[in-house]
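In the numbering used here, the protein residues as written are 389 to 763.
The beta carbon of each residue, even a glycine, is placed where N, CA and C say it ideally should be.
Keep in mind the model is a prediction, meaning the values are calculated, not measured.
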Amino acid sequence: MKIAIITPYPPIKGGISKESEIIYTNVRDKYEVSILSFSRLYPKFLYPSDSQYDFSMKIDNRNIKYYIDILNPISWFKVSNYILKNNFSHVIFRYWNPFFIPLYLFINWRIKSKKNNIKISCICDNIFPHETFFIEKYFIKKFFLNINNFLVMSDDSEFKLKKLVGNNSKIVKSFLPLKENLKSSISKKDACEKLKIKNPPKLLLLFFGFIRDYKGLDILINALKNLKNLDIKLLIAGESYIKTNKIKDLINNNNLSDMVIWHEKYIPNDEINLYFSASDLVVLPYKKISQSGIIPMAYHFNKIVVCSNLPSFTDHVIEKQTGYFFKNNNSNDLSAILSEIYQNHNFDQSKKYINEYKDRYSFDNFSKYFEELLK
389 MKIAIITPYP
399 PIKGGISKES
409 EIIYTNVRDK
419 YEVSILSFSR
429 LYPKFLYPSD
439 SQYDFSMKID
449 NRNIKYYIDI
459 LNPISWFKVS
469 NYILKNNFSH
479 VIFRYWNPFF
489 IPLYLFINWR
499 IKSKKNNIKI
509 SCICDNIFPH
519 ETFFIEKYFI
529 KKFFLNINNF
539 LVMSDDSEFK
549 LKKLVGNNSK
559 IVKSFLPLKE
569 NLKSSISKKD
579 ACEKLKIKNP
589 PKLLLLFFGF
599 IRDYKGLDIL
609 INALKNLKNL
619 DIKLLIAGES
629 YIKTNKIKDL
639 INNNNLSDMV
649 IWHEKYIPND
659 EINLYFSASD
669 LVVLPYKKIS
679 QSGIIPMAYH
689 FNKIVVCSNL
699 PSFTDHVIEK
709 QTGYFFKNNN
719 SNDLSAILSE
729 IYQNHNFDQS
739 KKYINEYKDR
749 YSFDNFSKYF
759 EELLK
């Protein structure tokens, strides 16, 4: 079985890229796999910082081809020709954003027009984008109707996908595996020292990852207003895709500056363990979501999560054992949950629960679903 996976891959930044690396390193010994990645993922004006790349990451470049320039259609021919020339039996698209559908449609059309026996599959991180995209449904449906098999990450995504493609395609429901390539935990004290966090609070909350509107950081900031009398602080760690003036005004206007530690930058792989080790729990106040790589990352470090009660989160969290839910978009409910955790939660007990529960997110389990995708 010869497989081509079309996906972002390190040194490109972001969770999709890192998760693709985990998938590749775990399946390459079982199958003949090539990664067909991007030399340029986005036009510069769509990217928030100076670089789309994290060159600090150590990469095994075996069978990794950075052929695709999203702005150069000649590269689309190049990757299509590579697939055809090398006689792949399977092509897997990693889909997370309809921005890439013109590219994917072209590659799919070209290889199918030349070799109709190639099996086309898709790993779907979501079905519809978290943020608005013009005439999105038409292009998404057009792309999906040309796919044989799908792998989705939640019941919600499976439901939405079935509404688009009916029962004509195989849909495999899985999860994002644990981030086994991350450094180990260290003590909270040592992590805070390395991050220069002075006087760590009793409860340090972590908001981690790229900052976007749909991730609800404003809800979390508003929740802090009701927690000023408790020894709680919020650590925000991640690069911003939005203008943060409104968030910073919200912090300053409500006198929350002493409660917020903000590291507004991309967090490289070799620093991720510091942020999770320093924190006591991870908050995901997202307003909408299809899946999140932050939950398995939190479980990797044995941290509970506090999530909005969206269907895609309820698939992966056991209430009061591996995490807590609050009413979506409700900062008062979030502050009540955080206050309850502050006063009553048994963190030693939750670590035991998470240790038992996170086995389901092992790559051994994920590989069963990956194999099913290929059938």
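Item: Start and end of the beta strand (DSSP E) containing W650?; Value: 648-651
Item: Could you tell me the boundaries of the beta strand (DSSP E) in which L591 lies?; Value: 591-596
Item: Report the partner residues of A625 according to the DSSP bridge assignment.; Value: F596, H651
Item: Taking the straight line between their C-alpha atoms, what separation do you get for N640 and N610?; Value: 12 Å
Item: Report yes if the C-beta distance between Y749 and F563 is below 7 Å; otherwise report no.; Value: yes
Item: Buried or exposed: where does Q440 fall if 16 or more other Cβ atoms within 10 Å of its Cβ makes it buried?; Value: buried
Item: If you compare alpha carbons, which of L594, N697, D448, H478 is closest to K675?; Value: N697
Item: Can you tell me whether DSSP reads D442 as helix, strand or coil?; Value: coil
Item: Taking Cβ to Cβ, would you say I458 is nearer than 7 Å to R482?; Value: no
Item: Expressed to the nearest angstrom, what Euclidean distance is found between the alpha-carbon atoms of S680 and P588?; Value: 27 Å
Item: Please list, in chain order, all residues of the same chain as Y419 whose beta carbon is under 6 Å from its beta carbon, the five residues on each side excluded.; Value: M389, I391
Item: Quick one: residues in its chain with C-beta nearer than 8 Å to the C-beta of S427, no 5 flanking neighbours on either side, listed in chain order?; Value: Y454, Y455, I456, D457, S463
Item: Is the number of C-beta pairs between the region 538-552 and the region 485-500 that are closer than 8 Å three or more?; Value: no
Item: Could you tell me if D448 is buried or exposed, where buried requires 16 or more neighbouring beta carbons within 10 angstroms of its beta carbon?; Value: exposed
Item: From this set, S572, L583, I535, I655, which residue's C-alpha is nearest N793's C-alpha?; Value: As displayed, the chain neither begins before 389 nor continues past 763, which places residue 793 out of reach and without an answer.
Item: Which runs of the alpha helix (DSSP H) fall wholly inside the region 673-725 and span at least 4 residues, in chain order?; Value: 682-688, 699-702
Item: Once DSSP output is grouped into helix, strand and coil, what is the label at D417?; Value: coil
Item: Within the continuous alpha helix (DSSP H) that includes K500, where are the two ends?; Value: 489-502
Item: Could you pull out every residue in the same chain whose Cβ sits closer than 7 Å to the Cβ of K466, ignoring the five residues on either side in sequence?; Value: Y455
Item: Only counting the same chain, and skipping five residues up and downstream in sequence, which positions put a Cβ closer than 7 Å to that of D703?; Value: S542, D543
Item: Under the rule that 16 or more other beta-carbon atoms within 10 Å means buried, what is E409, buried or exposed?; Value: buried
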